[in-house]
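Residue numbers (my numbering), protein chains in the order written: chain A, 1 to 337; chain B, 338 to 579.
Note that the Cβ used here is the ideal one computed from N, Cα and C, for glycine as well.
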Amino acid sequence: MRRGALRSFGLPAPDALIGIGVVLALAAVPLAGPGTYLLGFLFTIFMYGALAGSWNIIGGYAGYLSFGHAAFFGLGAYTTALLLFYSGWSPFLTLPIAGALAALFAALVGYPCLRLRGPYFSLVTLILGLAMYSLTLNLPFTQGASGLFLPFLRVDIYTSHVIFYEIMLGLLTIVTAVLRQITRTKMGVGLTAIREDEDAAGTLGVNATRLKLQAFMLSAFLTGLVGGVYSYYKSYLDPSFVFATSISITIALMALFGGRLAWYGPLVGAVVLSIVNEMLTTQAPPQTARIVFGALLIIVIMFLPDGLISIIQRRLPAFVLRRAKQAAARDEIIGNR
Amino acid sequence: MLRGVGITKRFGGVTALRNVSFEVGAGELVGLIGPNGSGKSTLFGVISGFHPPDDGTVFFDGRHITGARPHTVAQLGIARTFQIVRPFTGMTVVENVRVGALYGRGERRIAVADRHARELVEFVGLEQRADTLARNLTLAEKKRLEIARALSIQPRVLLLDEVFAGLNPTEVRGAIDLIARIRSQFGVTIIMVEHVLKALMETCERIIVLSYGEKIAEGAPSAIAADPHVISVYLGKTYAAR
Numbered sequence: 001m002r003r004g005a006l007r008s009f010g011l012p013a014p015d016a017l018i019g020i021g022v023v024l025a026l027a028a029v030p031l032a033g034p035g036t037y038l039l040g041f042l043f044t045i046f047m048y049g050a051l052a053g054s055w056n057i058i059g060g061y062a063g064y065l066s067f068g069h070a071a072f073f074g075l076g077a078y079t080t081a082l083l084l085f086y087s088g089w090s091p092f093l094t095l096p097i098a099g100a101l102a103a104l105f106a107a108l109v110g111y112p113c114l115r116l117r118g119p120y121f122s123l124v125t126l127i128l129g130l131a132m133y134s135l136t137l138n139l140p141f142t143q144g145a146s147g148l149f150l151p152f153l154r155v156d157i158y159t160s161h162v163i164f165y166e167i168m169l170g171l172l173t174i175v176t177a178v179l180r181q182i183t184r185t186k187m188g189v190g191l192t193a194i195r196e197d198e199d200a201a202g203t204l205g206v207n208a209t210r211l212k213l214q215a216f217m218l219s220a221f222l223t224g225l226v227g228g229v230y231s232y233y234k235s236y237l238d239p240s241f242v243f244a245t246s247i248s249i250t251i252a253l254m255a256l257f258g259g260r261l262a263w264y265g266p267l268v269g270a271v272v273l274s275i276v277n278e279m280l281t282t283q284a285p286p287q288t289a290r291i292v293f294g295a296l297l298i299i300v301i302m303f304l305p306d307g308l309i310s311i312i313q314r315r316l317p318a319f320v321l322r323r324a325k326q327a328a329a330r331d332e333i334i335g336n337r
Numbered sequence: 338m339l340r341g342v343g344i345t346k347r348f349g350g351v352t353a354l355r356n357v358s359f360e361v362g363a364g365e366l367v368g369l370i371g372p373n374g375s376g377k378s379t380l381f382g383v384i385s386g387f388h389p390p391d392d393g394t395v396f397f398d399g400r401h402i403t404g405a406r407p408h409t410v411a412q413l414g415i416a417r418t419f420q421i422v423r424p425f426t427g428m429t430v431v432e433n434v435r436v437g438a439l440y441g442r443g444e445r446r447i448a449v450a451d452r453h454a455r456e457l458v459e460f461v462g463l464e465q466r467a468d469t470l471a472r473n474l475t476l477a478e479k480k481r482l483e484i485a486r487a488l489s490i491q492p493r494v495l496l497l498d499e500v501f502a503g504l505n506p507t508e509v510r511g512a513i514d515l516i517a518r519i520r521s522q523f524g525v526t527i528i529m530v531e532h533v534l535k536a537l538m539e540t541c542e543r544i545i546v547l548s549y550g551e552k553i554a555e556g557a558p559s560a561i562a563a564d565p566h567v568i569s570v571y572l573g574k575t576y577a578a579r
């Protein structure tokens with residue numbers, strides 16, 4: 001049982017303690033007075049970690065590969081930005097609205113789209129991101145391609161970096177906790193069954209249509225929240241970035257790269273790929289950087305289809321198993337005496 | 338308990354089932370036979386909600402279940418196995434069975450579902466393999482898993498699609514034993530599609546024969562074995578005349 005839980009869902013109980021420790025340590029980082037560069041870089045990692053984690057609920061657990069999550073990210077960002085721009089509402093009000101709108105949108109598009117399986121679903125979601133981009137570009141109140149300028153926080157640059165750093169860390173923690181909780185509840189079992197064989201899941205009483213929709217909405221809600229925080233952080237919104245297909249693809253790749261079967265996989269993927277990407281873009285000429293980045297992705301996905309974390313997972317059970325066997329052998333010897 | 342009236346199912350231009358009616362009483366064990374392509378699996382598909390029929394009705398406990406979706410049919414208490422086994426290959430044996438224990442019975446707590454799952458895994462004789470990934474099982478073990486999974490929804494009717502196919506004689510013997518134990522322990526009604534006729538003749542009280550989508554005979558195994566129409570369908574007209 002232990003081994004089963006370990007393989008498909010992640011490390012057992014002590015993981016929560018480690019997680020809380022890491023979060024507290026990260027939350028204390030600004031006390032050491034790092035520069036704005038490091039804070040900004042960590043903010044980006046946290047953001048991608050939260051996005052990849054949100055994506056994983058539908059893309060990883062349920063196996064419905066969405067390539068259009070930028071639609072929810074952008075929707076959250078624009079909802080927040082427009083509410084701030086036109087009404088000046090507090091973030092405590094606009095952020096939940098951003099998430100709720102993204103979830104509502106997911107319900108509307110998910111109802112027909114989630115009937116499609118495999119590549120057909122992926123293609124439709126890809127178009128979704130593009131459609132949202134065109135829409136934002138042409139709606140009268142979004143200021144189209146010139147983008148939206150938002151008021152800054154009335155604090156100095158460094159303090160504002162620290163504030164957004166802490167907020168995104170909090171959001172990442174929430175997303176990761178949700179992701180972990182799903183694997184420990186009925187919902188996780190149902191989503192895994194859908195990923196493995198949707199028809200067989202149906203014969204066992206799983207209402208796949210409803211469960212997929214719930215997962216899609218939850219995923220969109222969290223993605224919309226991240227988008228909302230991003231628009232406050234950036235204070236300038238441009239449809240070509242927040243609805244970019246590259247965002248949709250990047251977060252999907254991060255989750256797949258890290259490992260979509262365990263709750264910490266997308267996080268590992270986001271951290272590793274963000275760091276690799278940052279190192280390559282600062283150290284190597286852009287063309288070389290792209291080639292190396294692409295090659296790395298291909299190698300990992302070819303040789304580790306269950307992601308980077310499968311290396312750890314393969315080692316760990318073998319080790320645990322060996323210990324258990326030794327113990328059993330010892331008991332037998334004692335028993336024979 | 339389970340009744341079908343005038344069921345017709347067409348796939349494009351092919352009529353897979355034509356005006357088939359049947360009735361199965363509580364606790365019965367009924368065999369469903371017929372040459373390849375005679376509509377046996379389609380009939381299972383119609384009952385379990387995979388293939389809504391073009392015409393006709395299915396009643397379960399007097400309740401109209403025609404066209405209900407598979408998960409609804411499962412929650413009502415009709416379980417099926419697949420002719421080609423379809424375990425969740427990336428899950429362990431217990432995790433496979435847990436799915437039905439949670440969703441088929443409406444259980445919420447994973448720990449309780451796991452307990453049910455382990456009992457069933459032991460019942461079908463897979464306790465040694467409980468924590469093995471389903472993809473690493475032998476065919477005979479996969480068939481046992483398929484049965485444990487079907488039982489996990491606490492079914493009142495069990496539709497078994499060729500559980501003996503591909504098994505060696507010892508394994509067939511084991512599977513026959515298992516079916517007998519399922520009946521005595523759970524009192525569940527069973528309809529089984531089978532090509533291993535000898536096994537069927539031994540276990541079933543009644544047999545329904547399909548050919549080209551139509552019901553051509555129904556009755557006790559001995560009567561079916563002597564029915565000239567059935568013999569001609571299986572072996573050709575020459576044998577039926579003898």
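Going by the DSSP bridge assignment, what does residue i pair with across the sheet?
| i | result |
| --- | --- |
| Val530(B) | Leu369(B) and Asp498(B) |
| Val395(B) | Gly341(B) |
| Glu555(B) | Ile545(B) |
| Lys346(B) | Leu354(B) |
| Thr142(A) | DSSP output for Thr142(A) lists no bridge partner at all. |
| Arg400(B) | Phe397(B) |
| Thr429(B) | Leu470(B) |
| Tyr440(B) | Answer is none; Tyr440(B) lacks a bridge partner. |
Can you name, in chain order, every residue of its own chain whose Cβ lies under 7 Å from the Cβ of residue i, other than the five neighbours on each side?
| i | result |
| --- | --- |
| Lys346(B) | Ala353, Leu354, Thr379, Val383, His388, Pro390 and Asp391 |
| Val109(A) | Leu128 |
| Phe501(B) | Val509, Ala512, Glu531, Val533 and Ala536 |
| Tyr158(A) | Thr36 |
| Lys417(B) | The identity of residue 417(B) in the sequence shown is Arg, whereas the question assumes Lys. Once the five neighbours on either side are set aside, the close Cβ partners of Arg417(B) are Phe381, Ser385, Ala487, Leu496 and Asp498. |
Could you check how far apart the C-beta atoms of residue i and residue j are, in whole angstroms? I think they sit under 8 Å.
| i | j | result |
| --- | --- | --- |
| Ala295(A) | Arg423(B) | Rounded, the Cβ-Cβ distance is 37 Å, inconsistent with contact. |
| Phe73(A) | Val226(A) | 6 Å |
| Ile251(A) | Trp55(A) | 5 Å |
| Leu82(A) | Phe164(A) | With 8 Å as the limit, Leu82(A) and Phe164(A) do not qualify as a contact, their Cβ atoms being about 20 Å apart. |
| Phe243(A) | Thr136(A) | 6 Å |
| Ala215(A) | Ile57(A) | 5 Å |
Between which residues of its own chain and residue i is the CB-CB distance below 6 Å, once the five residues before and five after are set aside?
| i | result |
| --- | --- |
| Tyr576(B) | Ile568 |
| Leu338(A) | Limits of chain A in this structure are 1 at one end and 337 at the other, which puts residue 338(A) out of reach. |
| Asp564(B) | Ala554 |
| Tyr230(A) | Ala77 |
| Arg2(A) | Any reading at Arg2(A) must be qualified, since the residue scores a pLDDT of 43, below 50, and its modelled position is unreliable; the value itself is stated next. None. |
| Asp331(A) | Reliability fails at Asp331(A), whose pLDDT of 46 lies under 50, so the model's placement of it is uncertain and the value that follows must be treated cautiously. None. |
Could you tell me the alpha carbon to alpha carbon distance between residue i and residue j, rounded to whole angstroms?
| i | j | result |
| --- | --- | --- |
| Ala50(A) | Ala208(A) | 25 Å |
| Gly350(B) | Gly376(B) | 15 Å |
| Asn356(B) | Gly371(B) | 16 Å |
| Leu139(A) | Tyr236(A) | 17 Å |
| Glu508(B) | Val533(B) | 12 Å |
| Gly364(B) | Phe397(B) | 14 Å |
| Met254(A) | Thr192(A) | 20 Å |
| Gly63(A) | Ile447(B) | 22 Å |
| Ile194(A) | Ala262(A) | 16 Å |
| Ile561(B) | Gln420(B) | 23 Å |
| Pro14(A) | Ile174(A) | 18 Å |
| Thr525(B) | Leu495(B) | A quick correction: the sequence has Val, not Thr, at residue 525(B). One C-alpha to the other measures close to 7 Å. |
| Val268(A) | Phe257(A) | 8 Å |
| Pro34(A) | Leu148(A) | 30 Å |
| Ile490(B) | Leu457(B) | 11 Å |
| Thr282(A) | Ser274(A) | 12 Å |
| Ala145(A) | Leu211(A) | 37 Å |
| Gln287(A) | Gly427(B) | 39 Å |
I'd like the list of long-range same chain contacts for residue i, defined as Cβ closer than 8 Å, with 5 residues on each side in sequence excluded.
| i | result |
| --- | --- |
| Val469(B) | Note that residue 469(B) corresponds to Thr in the displayed sequence, not to Val. So the qualifying residues of the chain are Thr429 and Val430. |
| Arg445(B) | Leu439 |
| Ile311(A) | Leu304 |
| Gly341(B) | Val357, Ser358, Phe359, Glu360, Leu380, Val383, Ile384, Gly393, Thr394, Val395 and Phe396 |
| Phe43(A) | His161, Phe164, Tyr165, Met168 and Tyr233 |
| Arg518(B) | Phe460 |
Considering residue i, what are the terminal residues of the alpha helix (DSSP H) in which it resides?
| i | result |
| --- | --- |
| Ala16(A) | Pro14 to Ala28 |
| Ile484(B) | Leu476 to Leu488 |
| Tyr158(A) | Ile157 to Thr183 |
| Ala448(B) | Ile447 to Phe460 |
| Ala270(A) | Gly265 to Gln283 |
Quick check on the DSSP output: the beta strand (DSSP E) that includes residue i runs from which residue to which?
| i | result |
| --- | --- |
| Thr352(B) | Val351 to Val361 |
| Arg472(B) | Unbroken run through Arg472(B): none, as it is neither H nor E. |
| Ala416(B) | Ile415 to Arg417 |
Sorry if obvious, but does the Cβ on residue i come closer than 6 Å to a heavy atom of the ligand MN?
| i | result |
| --- | --- |
| Gly371(B) | Among the ligands in the structure shown, none appear at all, so the ligand MN cannot be discussed. |
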